[in-house]
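Counting in my numbering, the sequence shown runs from 176 upward without gaps. Step one of this worksheet: look at the structure below.
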Amino acid sequence: ACPGVNFAIPIAELALANLIHKFNFSLPDGVTAEDLDPTDVVGFISQKETPLSFIATVA
Numbered sequence: 176a177c178p179g180v181n182f183a184i185p186i187a188e189l190a191l192a193n194l195i196h197k198f199n200f201s202l203p204d205g206v207t208a209e210d211l212d213p214t215d216v217v218g219f220i221s222q223k224e225t226p227l228s229f230i231a232t233v234a
């Protein structure tokens with residue numbers, strides 16, 4: 176295991192929390208929640224089969 180993981184996870188959580196706090200997120204025009212595809216591609220890393228697009232505006 177990586178010895179830095181105990182430091183990296185809280186930093187990543189803090190970065191994500193700041194993004195959620197400081198921005199409002201919405202879907203692009205013409206895209207609804209039903210259009211989103213949750214399918215993953217199996218491989219060495221987990222990634223979406225269809226990329227997620229969103230619009231971020233300053234809160």
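Quick reminder that beta carbons are idealized off the backbone N, C-alpha and C, glycines included. If you're wondering where the values come from, they're calculated on a predicted model, not measured in any experiment.
| Residue span of the beta strand (DSSP E) that contains Val233, given as start and end | 230-233
| message | Can you check which of these residues, Phe229, Ala183, Gly218, Val233, is closest to Asp204 by C-alpha distance? | response | Phe229
| said: Does the contact criterion of 3 or more C-beta pairs under 8 Å hold for the segment 217-233 versus the segment 188-204? | reply: yes
| said: Which of the three DSSP states is assigned to Val206 in this structure? | reply: coil
| query | Taking the alpha-carbon positions, what's the Ile184 to Ala192 distance? | reply | 12 Å
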